[in-house]
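Read in order, the letters of the sequence shown correspond to residues 546 to 845 in my numbering. Built from N, CA and C at the ideal position, the CB exists for glycine as well. Here the structure comes first, spelled out in structure tokens, and everything after it is commentary.
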Amino acid sequence: MKTVEFKNITWIDFSDPSADDILYLQENFDIHPLAIEEFITPTYRAKATQYENCIFLTIHVPLYDDKTRTTFPGELDIVLTKDHLITGHNKEIIELDSFFTMLEGSEGKRRIYLNQSPAHLLYHILEMLLDSCFPRIDHIHEKLLNIEEQVFNEKEKEMVFEISVVKRDILNFRRTLKPQRHIIESLAQMKTSLIDQELSLYFQNLAGTNIRLWNALESNKETIESMEETNNSLLSNKLDFTMKILTIVSIIIFLLTLYSSIITMKTSFANSPNIFWLHMLIMGIIGLITFTVFKIKKWM
């Protein structure tokens, strides 16, 4: 448990909250029992619930796994009361930890972010978490540019797996981000003394930020799908060309085999050694003529 406070506003952050932490909340804060229960229950569904003396939120922050190279949702539970903002998370959220550390180390920052109300602090936290998504989307865009370059440098086969990884990353990012817009809009529309009415416009602005993030992800989704189609088309064309070459070679070999079989049955090369080279020349001409016909017909 970490705590930072300024005047009468306190932010308490729990990293992987234990049973003792939950007991501490029950004994020291006037929080609705259902909010306490939800605080300790993992869920994949974002929610915003208004109680008589507090507001409970569950949001999911897009986190990145370097090992799997994909985005995954990190649950962040939030309890908003008159004088406190309580957060809890099981996964490390680097941006949230950095923001907390910044407030701990600077009275000036505490004066800025903890000087009005817990709801204002909540707004700043949500703003920070949303803004942190833009560099990640820019990183995805850079991956797309690299994939495009590699695809047109005849590395289609190597890019099949890379395209799949980036595509999964984008889909997971979208799946995590989409429900958060509803939560932010709910905060903008709540009629409660815990949230100043002036904050409604601020939360609406965050909803706009969420839309911009969504549009950027939608653009990246369309791009990776186009890259996948292009890559598959190039691979298919290469395969078709290879099959054409193999077919042509097979036909030429068949004709030469047929000719040599016929000649072998009628000619004794032991008695006429020069005849052997004559027939080799004829076979070469047959192969050349066949190859030329395929070229003229544009079959290769």
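Exposed unless 16 or more other CB atoms sit within 10 angstroms - verdict on residue i
i: methionine 830; result: The amino acid at residue 830 is misidentified as methionine; the sequence shows isoleucine. By the neighbour-count rule (16 or more Cβ atoms within 10 Å), isoleucine 830 is not buried but exposed.
i: tyrosine 589; result: exposed
i: alanine 664; result: buried
i: threonine 721; result: buried
i: valine 549; result: buried
i: glycine 853; result: An answer regarding residue 853 cannot be provided, because it is not within the stretch 546 to 845 covered by the chain.
i: aspartate 622; result: buried
i: leucine 659; result: buried
i: proline 680; result: exposed
i: proline 607; result: buried
i: asparagine 776; result: buried
i: glycine 619; result: buried
i: phenylalanine 644; result: buried
i: alanine 591; result: buried
i: isoleucine 692; result: buried
i: phenylalanine 706; result: exposed
i: isoleucine 756; result: exposed
i: proline 562; result: buried
For residue i, the nearest candidate out of the options (CA to CA)
i: arginine 726; options: Gln742, Thr754, Glu699; result: Thr754
i: aspartate 628; options: Leu751, Leu739, Ser781, Ser771; result: Leu739
i: tyrosine 609; options: Phe718, Met704, Lys654, Met735; result: Phe718
i: isoleucine 682; options: Ile670, Phe551, Val711, Glu637; result: Val711
i: lysine 612; options: Glu770, Asp714, His634; result: Asp714
i: phenylalanine 551; options: Pro562, Gln661, Glu640, Asp642; result: Gln661
i: proline 587; options: Thr603, Asn598, Thr632, His577; result: Thr603
i: glutamate 694; options: Leu791, Ile769, Val606; result: Ile769
i: glutamate 583; options: Val624, Ser560, Val606, Arg614; result: Val624
i: histidine 684; options: Gly619, Asn750, Gln595, Thr615; result: Thr615
i: asparagine 750; options: Ser563, Ser778, Ile729, Lys547; result: Ile729
i: leucine 666; options: Gly619, Thr835, Thr594, Phe748; result: Phe748
i: leucine 641; options: Lys547, Asn698, Ile554; result: Lys547
i: arginine 655; options: Leu579, Asn553, Phe601, Glu597; result: Asn553
i: glutamate 767; options: Met673, Thr555, Pro578, His686; result: His686
i: isoleucine 798; options: Glu763, Ser778, Phe836, Asp676; result: Phe836
i: asparagine 698; options: Leu779, Ser731, Ile581; result: Leu779
i: isoleucine 670; options: Trp556, Lys789, Ile827, Lys840; result: Trp556
i: leucine 630; options: Gly653, Leu579, Leu570; result: Leu570
Rounded C-alpha distance that separates residue i from residue j
i: threonine 626; j: leucine 716; result: 35 Å
i: leucine 833; j: isoleucine 793; result: 12 Å
i: threonine 787; j: asparagine 765; result: 33 Å
i: leucine 744; j: alanine 761; result: 26 Å
i: alanine 815; j: valine 696; result: Confidence in alanine 815 is poor, its pLDDT being 49 and thus under 50, which makes the residue's placement too unreliable to answer from.
i: leucine 746; j: isoleucine 576; result: 27 Å
i: leucine 791; j: glutamate 701; result: 21 Å
i: aspartate 558; j: glutamate 649; result: 12 Å
i: glutamate 773; j: isoleucine 708; result: 7 Å
i: phenylalanine 574; j: asparagine 635; result: 21 Å
i: alanine 733; j: cysteine 599; result: 16 Å
i: lysine 736; j: leucine 689; result: 43 Å
i: threonine 594; j: serine 781; result: 52 Å
i: serine 651; j: glutamate 597; result: 34 Å
i: methionine 647; j: isoleucine 639; result: 12 Å
i: aspartate 785; j: isoleucine 585; result: 57 Å
i: glutamate 637; j: serine 771; result: 34 Å
i: isoleucine 567; j: serine 677; result: 29 Å
i: aspartate 741; j: tyrosine 668; result: 11 Å
i: isoleucine 504; j: alanine 752; result: Lying before the first or after the last residue shown, residue 504 is absent from the chain, which here runs from 546 to 845.
i: glutamate 672; j: leucine 758; result: 12 Å
Counterpart residues of residue i in DSSP-defined beta bridges
i: valine 643; result: Note on residue identity: the sequence assigns serine, not valine, to residue 643. DSSP lists no partner for serine 643.
i: alanine 591; result: Its beta-bridge partners do not exist; DSSP assigns none.
i: aspartate 610; result: Thr615
i: asparagine 556; result: One point to set straight first is that residue 556 is tryptophan, not asparagine, in the sequence displayed. Val549, Leu630, per the DSSP bridge assignment.
i: aspartate 683; result: DSSP output for aspartate 683 lists no bridge partner at all.
i: isoleucine 623; result: Leu602, Thr632
beta-carbon residue i near the ligand NAP non-hydrogen atom, thresh 8 Å
i: methionine 788; result: Questions concerning the ligand NAP fall outside what the structure shown contains, since it holds no ligand whatsoever.
CB contact below 9 Å: residue i versus chain C
i: alanine 593; result: Of the protein chains in the structure, only one exists, and it is not chain C.
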